[in-house]
Amino acid sequence: MAGFTLREATGSDARFLGDMLVEASEWMPGRTRSRIDVLSDPDTAKYIDRWQRPGDAGTVAVDSAGSPIGACWFRLLPVHNPGRGFVASGVPELTLGVVPVWRAQGVGRALICAVLEQARSAGYSRLSLNVGRANYAQRLYLSEGFLPVVRGPDSDTMVRILR
Numbered sequence: 833m834a835g836f837t838l839r840e841a842t843g844s845d846a847r848f849l850g851d852m853l854v855e856a857s858e859w860m861p862g863r864t865r866s867r868i869d870v871l872s873d874p875d876t877a878k879y880i881d882r883w884q885r886p887g888d889a890g891t892v893a894v895d896s897a898g899s900p901i902g903a904c905w906f907r908l909l910p911v912h913n914p915g916r917g918f919v920a921s922g923v924p925e926l927t928l929g930v931v932p933v934w935r936a937q938g939v940g941r942a943l944i945c946a947v948l949e950q951a952r953s954a955g956y957s958r959l960s961l962n963v964g965r966a967n968y969a970q971r972l973y974l975s976e977g978f979l980p981v982v983r984g985p986d987s988d989t990m991v992r993i994l995r
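Numbering of the sequence shown is given in our numbering, commencing with residue 833 and proceeding in unit increments.
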């Protein structure tokens, strides 16, 4: 990997994961919701609220100076409060965010591969996510073996079987 390394996400990464959740939520050019607006939305905040709970795991990419540039993580959400990518109880939902200047440089792919291994090691058989069809990241997810299982008006819920 040129220019960046990966490390396991810790509880002290909560603020940066919040930043990456904003990047993941506000990927479309022209969207301008503030960090406060994004993270005050309960449907979005649930992906990082009280990070790092038991069962939460993820990976952070850092540049050569040690600054974080991207993160990918998964979290189990309950049936009574599911996320956008919820498919079943016991299937964690994945979130990926990369600092814009680092996109299309292999950071997202490296993060996904690391998190897939973390989920396998934790004993999960599947991961899910929800992604807008216009989001370039959807092509990345497809290339990493995520398959659409539910098609919404503008987004797909996708699942990756872990072998």
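Heads up, the beta-carbon is just placed ideally off N, CA and C, and yes, glycines get one too.
Between which two residues does the beta strand (DSSP E) containing S960 stretch? That run of the beta strand (DSSP E) goes 958 to 964.
Let me know if R843 comes out buried or exposed under the rule of 16 or more other beta-carbons within 10 Å of its beta-carbon. Inspection of the sequence shows that residue 843 is occupied by Gly rather than by Arg. Answer is exposed; the Cβ neighbour count stays below 16.
If you count every other CB in all the chains shown that lies within 10 Å of the CB of D869, and 16 or more means buried, which is it? D869 comes out exposed.
Secondary structure of W905, DSSP reduced to three states: In this structure, W905 counts as strand in the three-state DSSP scheme.
Helix, strand or coil: how does DSSP classify A897 here? Correct three-state label for A897: coil.
When DSSP labels each residue in this structure, what does D869 get in the three-state scheme? Helix.
Burial state of Y968, where buried means 16 or more other Cβ atoms lie within 10 Å: Classification of Y968: exposed, given that the 10 Å Cβ count is below 16.
Please state the DSSP three-state secondary structure of M833. A caution first: M833 carries a pLDDT of 44, below 50, which makes its placement in the model too unreliable to give a value.
Got a sec, what are the start and stop residues for the beta strand (DSSP E) G850 sits in? Per DSSP, G850 belongs to no beta strand (DSSP E); it is in the alpha helix (DSSP H), 846 to 857.
Do V923 and S960 come within 8 Å of each other at the CB atom, strictly closer than that value? Cβ atoms of S960 and V923: closer than 8 Å.
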